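Every number in the numbering used here is 2 more than the matching position in the sequence shown, counting from 1.
Okay, so here's the structure we're looking at.
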Amino acid sequence: MGDQRKIEAARVRASDAAPILWMLGHAGAGQSSLVAHLVHGWRAALRPAFEPATPTAEQFAHPEELPLIRFLLTTGLRPGETYDPSEDMAFMEASPGLILVTVAAAELDHGGLRSALRTIREAHPDWRVLVAQTRLHELYPEGSGHPTPYPFTPAIALNPVPPALAAALAGQRAAFAGLADGFVPLDLTEGEGLREPHDYGLPQLLAAMQALAPELVPGLAPGPDPEEGIRQQVILPWAMAAAASDAPPLPLLGGVPAMAFQAAMVRAIARRYGLGADAAIWAALIAGLGAGFLLRHAMFWMVRQALKLAPFWGSATVGAWTFAVTCGLGEAAIRICRDEAEDRRPTPAALRAAFRNGQRRGDALHDAGRGGAPY
């Protein structure tokens, strides 16, 4: 129970410190679909994770195991209605990241949103605002698909964009002039016949978000490599938590919660691959790495616990080692979980190589001071 409390406390601390992506828009503008695409999740599966944040907004922390980003979704707004953003703005003040305004391309009445943005800008002129112009297909000629190649950067191109769509997007940009730092047209509607890809404009949105708020990137869905997502969203946060718990100058005592965090990391990786028996994964991991390999690391661990007593540099050295070892365990866990999911078993040599590669990455990240950055 003690370890579980430490893990939950680490999760709460991470959630409280995670940057907030405030999504502001009218109902039907595609907020839920956009969240699902940003985290590579299903809308129906994400729904239970939303919690009330203010009388006008819900919150959602991601990833669940150790949050790197918090979504604040202002819900239920309707065109023509007034909206007081003060309570949502106060929530955002805890850890501001980016305001992402969703506006359907065909939407004409967005005076309430502009009024809210003026209030927010007056209070926090340094907050970044990005407007996502959504549901482009509603202004396509009947039977047509998305304009290709993507024609909306750096400005709206009249050809091959349908004239009605080009005029609507230009009108919205003029309406939000001075209130937004950028605009990205996109269409995430699925099952629409000719309209593929289903994530039209999403790469451009992610690029704009990275430019305006790079601190959000580790919490967002990675590219096509799912293992990068595990490294960014599972291994790195748990490695940071393990290192922080093992750094205080308390020999042996600090190592216990560090091991609990490492176990939690392996459980989280196993869940990513649809493997629920984390005890079996641990057993396979230990057996695969080999007794001699583990004995050497156990001896190193004992020596480093004693090093904590050295003034100034002792704890820092132990924290750096724990960070790198946790990255190594995470990389080995990826290898064994990936193979288990495919009904295969990695060789001990392959597991040890994965561990060493992960440990080297961890060393490099720690030395560069990039503990929260992608691999």
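Every residue, glycine too, gets a C-beta built ideally from N, C-alpha and C.
Bear in mind the structure is a predicted one, so any value in this text is a computation, not a measurement.
*What is the DSSP secondary structure of Gly78, reduced to helix, strand or coil?*
coil
*Buried or exposed: where does Ser35 fall if 16 or more other Cβ atoms within 10 Å of its Cβ makes it buried?*
buried
*Determine the direct distance from the alpha carbon of Pro153 to that of Met164, and round the result to whole angstroms.*
What sits at residue 164 in the sequence shown is Pro, not Met. When rounded, the distance between both Cα atoms is 11 Å.
*Close beta carbons around Ala356, own chain, < 6 Å, minus the five adjacent residues each side*: Glu333, Ala334, Arg337
*alpha helix (DSSP H) segment containing Gly184, residue limits*: Run containing Gly184: none in the alpha helix (DSSP H); it sits in the beta strand (DSSP E), 184-187.
*Alpha carbon to alpha carbon, what distance is there between Ile232 and Val320?*
24 Å
*Starting from the C-beta of Val186, find all residues in its chain whose C-beta is less than 8 Å away, skip the five residues before and the five after it, and write them out in chain order.*
Leu132, Val133, Ala134, Gln135, Phe154, Gly203, Gln206, Leu207, Ala210
*According to DSSP, which residues form a beta bridge with Phe62?*
Phe73
*Span of the beta strand (DSSP E) holding Gly99?*
98-106
*Find out if the Cβ-Cβ distance for the pair Gly78, Ala29 is shorter than 8 Å.*
yes
_Boundaries (first-last residue) of the beta strand (DSSP E) holding Glu124_ = Premise fails: Glu124 lies in the alpha helix (DSSP H), 113-125, not in any beta strand (DSSP E).
*asked:* Quick check: what's the CA-CA separation for Ala20 versus Met267?
replied: 18 Å
*Is Leu181 near Arg130, with beta carbons less than 8 Å apart?*
no
*Leu136 in three-state terms, based on DSSP*: In the sequence on display, residue 136 carries Thr and not Leu. The answer is strand: DSSP assigns Thr136 an E or B state.
*Taking buried to mean at least 16 other C-beta atoms within 10 Å of its own C-beta, is Leu110 buried or exposed?*
exposed
_Could you compute how far the alpha carbon of Gly113 sits from the alpha carbon of Ala107?_
15 Å
*Rounded to whole angstroms, what's the CA-CA distance from Arg358 to Thr324? Just pull it up for me.*
14 Å
*Separation of Gln61 from Ala118, as counted between CA atoms*: 19 Å
_Going by DSSP in three states, Glu53 sits in which element: helix, strand or coil?_
strand
*Straight-line gap, Thr76 to Leu167 (C-alpha atoms, nearest Å)*: 26 Å
*Do you know whose CA, among Ala215, His148, Phe178, lies nearest His200's CA?*
His148
*Leu277 and Ile283 closer than 8 Å at C-beta*: yes
*Which partner residues does Tyr202 have in the DSSP bridge list?*
Asp189
*Express the C-alpha separation of Ser247 and Trp315 in angstroms, rounding to a whole number.*
Residue confidence for Trp315 is low, a pLDDT of 45 falling below 50, so the modelled location carries little weight; the figure read from the coordinates is stated next. Going from the Cα of Trp315 to the Cα of Ser247 covers about 16 Å.
*Cα-Cα separation, Ile71 to Tyr142*: 34 Å
*Could you check the C-alpha separation between Gln212 and Val327 for me, to the nearest Å?*
29 Å
*What's the call for Thr104, buried or exposed, on a 16-neighbour Cβ count within 10 Å?*
buried
*Return the chain-ordered list of same chain residues with a C-beta closer than 6 Å to the C-beta of Ser97, the five sequence neighbours on each side being excluded.*
Pro21, Ile22
*asked:* Tell me the rounded alpha-carbon separation between Arg80 and Asp90.
replied: 16 Å
*In the DSSP assignment, find the unbroken alpha helix (DSSP H) run with Gly173 in it and report its ends.*
165-177
*asked:* Rounded to whole angstroms, what is the Cα-Cα separation between Cys339 and Gly145?
replied: 44 Å
_Distance, His139 Cα to Glu194 Cα_ = Because the pLDDT of Glu194 is 46, which lies under 50, any placement of that residue in the model is unreliable, and the question is left without a value.
*In or out: Glu342 buried (at least 16 other Cβ within 10 Å) or exposed?*
buried
*Cβ atoms of Leu190 and Gly32: under 8 Å apart, would you say?*
yes
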